[in-house]
Structure formats: structure tokens, C-alpha cells
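If you're matching them up, the sequences are chains Y and R in order. Under our numbering, the first sequence is numbered contiguously, ending at residue 867. Under our numbering, the second sequence is numbered contiguously, ending at residue 238. Even glycine gets a Cβ: it sits at the ideal position worked out from N, Cα and C.
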Amino acid sequence: MEVFGIWVAAFLTLCIYSFLYRDNPFYRFAEHLFVGISVGYLIVIGIHEGVIPLAWEPLSKAMNALWTEIIGETTPETRKALRGLFRILPIAIGLLFFARLSPSHTWLIRIPIAILIGFGAGVAIPNVLQANIFAQTRGTIEPFAAIGPFVDVPPEARLSTFDIFGAILMVIGVICTLTYFFFSVEHRGPINWLSKVGIAFLMIGFGAAFGNTVMGRLALMIHRVGFLINDWIGSFGALF
Amino acid sequence: MKRQVPLALCFLFGIAMIFTQFSPHSYSQDVYKEVINWGLIISPFALVLAVVTLIQTHATRIRLRTEHWQYSLIVFAGMIVMVLFGVPDGPQNPIVVWLYDNVQVPMDATMFSLLAFFIASAAFRAFRARAFEATLLLITAMFVMIGNVPIGDLVWNKLIFWIPGADNPESWVNSTADGASWFRQWILDIPNTAARRGIILGVSLGVISQSIRIILGIERSYLGGGD
């Protein structure tokens, strides 16, 4: 079964690489199979890691607890499990997504969308403020706390001249990049120069991102070619 | 009614999430956790809708016998096999594990590795040093790529060998050994981080202002057109 798996994976790998020549039936087969398998896997994960543990299990426990309450055997556990009945609400809200399938009730789909968007917006404000704005600003100016002979840090923790240059460059880069995105004033005079320096930093950032992306993709390609050479061709011995 | 109710719910959930995150009270934290679970329960229904749309699209292709309609059968075959074995037993079902390991993961990796070729051809066209900015992008990308592979340091160390005094172990020249990977790391740590921080700060301010607009009902585009 393991060798069969290697052969299937190798066949599909070659099917996808055949696109380098041109679009062909083998590539289209692999592409469509990939879509089908991925969607199927997503459904399985959605059911087993979302719907069952978060909705089905609490709800079934709550129903059992409700029955226990009805027959008069109340315990603290059943009282706690009864809270699971509230899970009917998000399930009902989620079911409103299917209103899209009925033209006269399409507007109902706005309710789950509005809840998810309001929920996302509410979660985003404190988290973005904390994780992005405060943390990034702090990270930009924090190195200056270790500069100079007057600060209360051990000599070995103080920044070298080159590190100080890096810290200053970082502040200049952040300010200039932000200036480039600052559209409330016309980019003329000093603002124009600052924004041009910002563009230079952005280009370095994009270049670094591009370089890393290329290397990441090449690493994946080396891995796939390594699989074909070592695992697939290596499996010939087991078969022939 | 058709617009006011969703707007009110959006406001209510948005405000509730902000207040519960700032309040350390145990009730508040319980509400926060419960609403997070609500979000996780509601989201898969959107996935179901997406799957229904995918099924409708491919069913239409098969029914109308459009070009390459046969491949839609393969989409269904893959999806049905995965759902048939995965839904009753979960993702740990041996057939699901086999399909995941030998079909999905290899194809996923190969699809992304395919991009290496297209990125290379796009780079060939884009990396013409026509302007100062393009040159900067080109040079940075080159240094990052060269610094990423062992041959970068090897070439660097061979080059500095030609600097006078390099044969002396005490010389400053030897302190610059492995400079390609060091310089790549410096680019990533300082100028690249500065640019990314600028982008992150700008995007974050935009996210916060947009979130406030959504919660207050100023931004309503998500409601779509109509009544």
C-alpha cells in the first residue's frame, strides 16, 4: 500500500508538472481531483472539529440533562449542561445562510453575515491595537533603551555602534514608510523627500519578500524532485 | 427591518466583543468565550454554502455538457470519497489519512512548487533595472536569495580571500566571513522590518477605523444592494 501511495503521488506530481509544457488533460485531471479532495477534507474537518465538538456534543448533553431535569433528577452537572441549549441560537443563525437558496428570503443571509462581521470587527479592534500598533511601536523604539552610558543596563547588553545605526535606520524607515501612506497632505517639499525614502524602504521590503518567496517555492520544488528521484525511482527496486 | 436588524446585531456583537475583552470579570470572560464559540459554529455554515455553490456550478457544467465537463465528475468523485470515509469516522480514518498523505499533500506542494517556474519567468520580465526603485528591489532580492543558500557564503568567502591581508588570521577581513548570509539577515532584520512595520501600522490603523465604521453602521457595503 505504501508503494502504491508513492506511485499515486508521483503520478499526480508529474500530472501537475506537465502544465509546464502546456495545459493538458493530465493537468486538468489532477487539478480537479485536488479541488474535490480538498473540499471533501475541508468538510470533514469542519464537521469533526467545528460542528460536532462545539454544537452537536453540548446540545446533545443539554438535551439529556433536560430529560433528567424533567424526570426530577436534578444535579449541579445537569444544571451546567443545560447551558448547552444556548447553542441552538448559533446553529439557527448559521442555518440562515441557506436563505440564499430562496429568492424571497435572501435578505435573511444578512443576519449571519452581520453577526460574523460585527464579531470580527469587535475582536479586531483590541487585538490589532495591542498586537500590531503597541507592539510594533514598542519594538521600533525599544532598542534605544539600551543606548548610551547613562542607562541602567549592564555594559555587555548595551548596543554597539552598528546596532545603534540599525536602530536609527529602523526609526527612519518606519517614519518614511508611514509618510508614504499619509495621503492627507500633498506630497511636496520635505514630505515628498520623506515619502521617496519610504518608497526605497518599501522596495527593499518587497525585494526581500520576493527573494524569500522564490526560495520557498524552490525549496518545495527541490522537495518534490527529491521525492521523485529518491522515493519514486527508489521504489522501482521493490516492484521489479 | 431588512437592514436595521442586521445593523443592530452587528453593533451589538461588535460592542460586546470589545467590552468583554477589556473587562476582566469572570462573567465577561465567559461571555467572550461563548461568543467566540458562536463564531466558530456559524462559520462552517458559510462553508456549507460555498460547497453548495461549488456543487451547483459543477452540476450545471455536467448538465449543459460544457467544455471539459467530464472533469467536474472528478471533482465530485474526490469530494464524495473524502466525505464518505471522513464524515463517519473523522480525519483519522485510514483511507482519509492515505488520501491526505498521498493525494492532497503531494498535489498541494507540487502546485506551489510550480509557481517557482512562473515566478522565475515573471522575475525575468520585472527585474529589468529601469528605475532606481526597480534596481533596489532587484539587488535586495538577489542578496536575499544568495544569502539563503550555502553557495552564497562559499562565493563570498572565496571573494574576500583576494583582499590583501586575508591570509593573516588576525586580519579584519576574516571577521567578514559568511557575509552573504549575515547581510541577508541584516536586510531582513532592519530595512525589511522597517518597511513591514510601516505597512503593518498603516494597515492596522485602517483596520481599526474600518471596524469602528462597521460597528457604528457607517460602513454598510456588506449588506449588499436591495431593500
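Contact annotation: Y/Leu845 and Y/Ala637 have beta-carbon atoms that are not nearer than 8 Å.
When 8 Å is used as the limit between beta carbons, R/Glu144 is near these residues of chain Y: Ile826, Ala827 and Met830, in chain order. Taking the beta carbon of R/Asp112 as reference, the chain Y residues within 9 Å of it are Gly632 and Ala636, listed in sequence order. Per DSSP, R/Arg195 is one residue of the alpha helix (DSSP H) stretching across Gly190 to Asp200.
Contact check for R/Val16 and Y/Ile740: beta-carbon distance about 12 Å, past the 8 Å limit, so the pair fails to qualify.
Distance from the CA of R/Leu125 to the CA of R/Tyr82, rounded to the nearest whole angstrom, comes to 21 Å. Short of 7 Å from the beta carbon of R/Arg72, and not among the five residues preceding or following it, lie these beta carbons of its own chain, in chain order: Trp80 and Ser83.
Going by C-alpha positions, Y/Ile818 is about 41 Å away from R/Val166.
For Y/His659, the enclosing alpha helix (DSSP H) begins and ends at Pro652 to Gly673. With a beta-carbon spacing of about 4 Å, Y/Gly632 and R/Asn113 fall inside the 8 Å limit used to define contacts.
In the three-state DSSP reduction, Y/His732 falls in the helix class (H, G or I). Looking at the backbone, the Cα of R/Met118 and that of Y/Phe661 are separated by about 7 Å. Taken in chain order, the complete alpha helix (DSSP H) segments of 4 residues or longer contained in the region 752 to 816 of chain Y are 762 to 768 and 788 to 807. Non-local beta-carbon contacts of Y/Phe771 in its own chain, meaning distances under 7 Å to residues more than five positions away in sequence, involve Ala794 in chain order. Under the 10 Å beta carbon count, R/Thr64 is surrounded by fewer than 16 other beta carbons and is classified as exposed.
The beta carbon of Y/Trp683 is closer than 7 Å to none in its chain, skipping five residues each way along the sequence. Boundaries for Y/Ile698: no alpha helix (DSSP H) harbours it, and the DSSP string shows neither H nor E there. Along the region 54 to 82 of chain R, going in chain order, the ones with a CB nearer than 8 Å to a CB of chain Y are Ser54, Pro55, Phe56, Ala57, Leu58, Val59, Leu60, Val62, Val63, Leu65, His79 and Tyr82. At the C-beta level, R/Thr31 and Y/Gly834 stay beyond 8 Å of one another.
The DSSP-derived three-state label of R/Thr71 is helix. Note on Y/Lys707: under 16 other CB atoms within 10 angstroms of its CB, so exposed under the neighbour-count rule.
In terms of Cβ geometry, R/Phe24 and Y/Gly745 form a close pair [threshold 8 Å]. By the Cβ criterion, the region 125 to 136 of chain R is not in contact with the region 695 to 713 of chain Y, since fewer than three pairs of Cβ atoms, one from each stretch, lie closer than 8 Å.
Going by beta carbons, Y/Ile736 and Y/Phe724 fall inside the 8 Å limit.
Looking at the backbone, the Cα of Y/His850 and that of R/Glu181 are separated by about 41 Å.
The straight-line gap separating the alpha-carbon atoms of Y/Gly766 and R/Val107 is approximately 44 Å. The CB of R/Gly213 comes closer than 8 Å to the CB of Thr804, Leu805 and Phe808 in chain Y, given here in chain order.
By the neighbour-count definition (other C-beta atoms within 10 Å, threshold 16), Y/Met848 is a buried residue. At least one CB of chain Y lies nearer than 8 Å to the CB of R/Val92. When Cβ-Cβ separations below 8 Å define contact, Y/Thr767 makes contact with chain R. Taking the Cα of Y/Val750 as reference, the smallest distance to any Cα among R/Gln221, R/Tyr38 and R/Ser232 is reached at R/Gln221. Sorting Y/Asn759, Y/Ile720 and Y/Leu805 by C-alpha distance to the C-alpha of R/Trp49 places Y/Ile720 at the top. For the region 662 to 673 of chain Y, the residues whose beta carbon sits under 7 Å from a beta carbon of chain R are, in order, Val662, Gly663, Ile664, Ser665, Val666, Gly667, Tyr668, Leu669, Ile670, Val671, Ile672 and Gly673. Interface annotation, Y/Ile760: in contact with chain R, CB-CB separation under 8 Å.
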